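Chains as they are written, first to last, in the numbering used here: chain A, 420 to 534; chain B, 146 to 261.
Note that the Cβ used here is the ideal one computed from N, Cα and C, for glycine as well.
On a predicted model such as this, the values are computed, not experimentally measured, just so you know.
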Amino acid sequence: AQSVTQLDSQVPVFEEAPVELRCNYSSSVSVYLFWYVQYPNQGLQLLLKYLSGSTLVESINGFEAEFNKSQTSFHLRKPSVHISDTAEYFCAVSHGSSNTGKLIFGQGTTLQVKP
Amino acid sequence: GAGVSQSPRYKVAKRGQDVALRCDPISGHVSLFWYQQALGQGPEFLTYFQNEAQLDKSGLPSDRFFAERPEGSVSTLKIQRTQQEDSAVYLCASSFQAGGSQSEQFFGPGTRLTVL
């Protein structure tokens, strides 16, 4: 069965510092990988996704993630965070041959950006 | 345009009561998903609809949980004889494509259910 592990439940960081949120998955078949963000009192929003092609994917607000098949990882990074990046971040996978596209989520990582 | 909406946003039920949670997906979206998010956890898949057909209900935790989407748009998740372990946020998501893993899922704000 597929599973997703987010190794850090909370990541405190100062504003303008770099950050990495870790995500590892287990699957013996091809997967698609996603990062979702949940700002306080809002619904989940797609941040970025890897489907195929270049293993480095970027979002419009400066986040990037790299698919590493050998390490079964999809870590999220940002070189300089802002206060507004404070949120809950979820890594998720879906089975490449799924006929539903259901997502399997990690436990989430709370990013706390301090001034 | 409107996103996915859910109602009510908050629901408090006494143990043993039945509840119904509503989801209005984005107009024209074929696929609809329900997820359950317990406190401090990531969302967990409950069930999937393609139009009005419920193609996957493998995540429903018991036969007290029932979902429907009779006209292929609005969906209702019903929980009978609620138990305290049912307390969670119930998320609805929709996507434009039918099935497949590549289509982005758009999430509603969720319904927070508290069972006393």
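Range of the contiguous beta strand (DSSP E) that encloses B/R167
Here the beta strand (DSSP E) through B/R167 covers V164 to D169.
Cross-strand partners of A/Y458 (DSSP beta bridge):
Per DSSP, A/Y458 has no beta-bridge partner at all.
Selected residue, minimal CA-CA separation from B/Y180, among A/L522, A/I502, A/K533 and A/G527
Taking the Cα of B/Y180 as reference, the smallest distance to any Cα among A/L522, A/I502, A/K533 and A/G527 is reached at A/L522.
Given B/V175, which residues of its chain have a CB within under 7 Å of its CB, disregarding the five upstream and five downstream residues?
Cβ neighbours of B/V175 beyond the five flanking positions: Q195, N196, F241, Q242 and A243.
Does the CB of B/S239 have a neighbour CB from chain A at under 8 Å?
The beta carbon of B/S239 sits no closer than 8 Å to any beta carbon of chain A.
Buried or exposed by the 16-neighbour rule on C-beta atoms within 10 Å, applied to B/V260
Counting Cβ neighbours within 10 Å, B/V260 comes out buried, since at least 16 surround it.
What residues from chain A crowd round B/Q247, counting only those whose CB sits closer than 7 Å?
The contact set of B/Q247 on chain A, defined by CB atoms closer than 7 Å, consists of Y451 and L470 in chain order.
Taking the C-alpha atoms as reference points, what is the distance between A/I502 and A/K468?
Near 23 Å, if we compare the C-alpha coordinates of A/K468 and A/I502.
Whole-angstrom distance between A/G472 and B/E230, CA atom to CA atom:
Counting only the Cα atoms, A/G472 lies some 42 Å from B/E230.
Contacting residues, own chain, Cβ-Cβ under 7 Å from A/H514 (five flanking each side not counted)
Around A/H514, the same chain offers Q421, V448 and V450 as residues with beta carbons nearer than 7 Å, after the five sequence neighbours per side are excluded.
Report the CB separation of A/V532 from A/V432 in whole angstroms; it is logged as a contact under 8 Å.
Contact holds; Cβ gap of about 6 Å.
Kindly indicate which three-state DSSP category A/E439 falls into: helix, strand or coil?
Here A/E439 sits in strand by DSSP.
Sub-8 Å separation of B/T256 and B/Q182 beta-carbons
No, Cβ-Cβ distance for B/T256 and B/Q182 is not below 8 Å.
Which of the three DSSP states, helix, strand or coil, is assigned to B/D201?
B/D201: strand per DSSP, three-state reduction.
Residues in its own chain within less than 6 Å of A/S426 by CB, not counting five upstream and five downstream?
The residue asked about is misnamed: residue 426 of chain A is Leu in this sequence, not Ser. For A/L426, where only same-chain residues beyond five positions count, the Cβ hits under 6 Å are R441.
Using CA atoms only, rank isn't needed, just tell me which of B/Q228, B/L200 and B/Y193 is closest to B/S207.
Ranked by how close their Cα comes to the Cα of B/S207, the residues B/Q228, B/L200 and B/Y193 have B/Q228 in first place.
Applying a beta-carbon distance threshold of less than 9 Å, which residues of chain A neighbour B/G161?
Per Cβ cutoff of 9 Å: no residues; B/G161 is ~30 Å from chain A at best.
What is the DSSP secondary structure of B/E230, counted as helix, strand or coil?
Residue state, collapsed to three classes: helix.
How is A/I523 classed by DSSP in three states: helix, strand or coil?
Strand at A/I523.
Is A/K497 buried or exposed, if buried means 16 or more other CB atoms sit within 10 Å of its CB?
Label assigned to A/K497: buried.
Pick helix, strand or coil for B/I224, following the three-state DSSP scheme.
Strand, per DSSP.
Which partner residues of A/V512 appear in the DSSP bridge assignment?
Paired residues: A/L452 and A/I523.
Give the range of the beta strand (DSSP E) segment to which B/F194 is assigned.
Counted as a single uninterrupted DSSP element, the beta strand (DSSP E) harbouring B/F194 occupies residues E189 to Q195.
By the three-class DSSP mapping on this structure, what secondary structure does B/S239 have?
In the structure shown, B/S239 sits in a strand (DSSP, three-state: E or B).
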